[in-house]
Structure formats: structure tokens, C-alpha cells
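Using the working numbering, you'd call the opening residue of the sequence shown number -1 and step up by one each time. Notes for the one structure printed next.
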Amino acid sequence: MVRNCAFLESALARLEQDKGYLRQVAADSGVPYSTLSKLTARCVTNPHVETVQALHDYYDARDRGEFAVPGVPPHY
């Protein structure tokens, strides 16, 4: 039985928004590009908890301004 996990669903929704910038997300989050590609294609339905945690930490840090938003020019 597969249960929906809000933590995972949130990360997947953010990945969908960043789909054209997965290489940058991979570099910043430490999650391999191939894993991100498989997640966005829904080929992986039960990722490792470490992967989901890394994505959560990355998006949390990005929301705090520690990482630039891919595709958005920085404001100086």
C-alpha cells in the first residue's frame, strides 16, 4: 500500500516548477541529476528518505535565500 506523503508531494511539486533547471537543483541539493529526472518523470515512486530530506533541506534553504532561484536573475 502506498500512502501519500506531504513531505514528498511538496518536494515533487517544487521539482515540477524547477523542471528546466534540474542540473542546478542537483548541484545545489546534492541529489544526483538522474534521480531528479526519475522523480519528475514519476519513474521512482518510493525514493529514499535521504533523497526527500535533501530536497526538503534544499528548498527550505532556498526559501531563506541561501540559494538562488534557478532562472531568476539575482537582485543586488
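Virtual Cβ for every residue (Gly too), placed ideally from N, Cα, C.
Take residue i as the anchor and find which of the options has the nearest alpha-carbon.
i	options	result
valine 70	Gln22, Ala9, Cys3	Gln22
alanine 59	Ala9, Ala4, Cys3	Ala9
For residue i, does the three-state DSSP call read helix, strand or coil?
i	result
aspartate 16	coil
threonine 49	helix
threonine 43	coil
glutamate 7	helix
Counting C-beta neighbours from all protein chains within 10 Å, is the total for residue i 16 or more, i.e. buried, or is it exposed?
i	result
methionine 25	Contrary to the premise, residue 25 reads as alanine rather than methionine in this sequence. Exposed is the call here.
valine 29	buried
Meets three-Cβ-pair contact criterion under 8 Å: the region 0 to 19 and the region 52 to 68: Contact between the region 0 to 19 and the region 52 to 68 is present, with at least three C-beta pairs closer than 8 Å.
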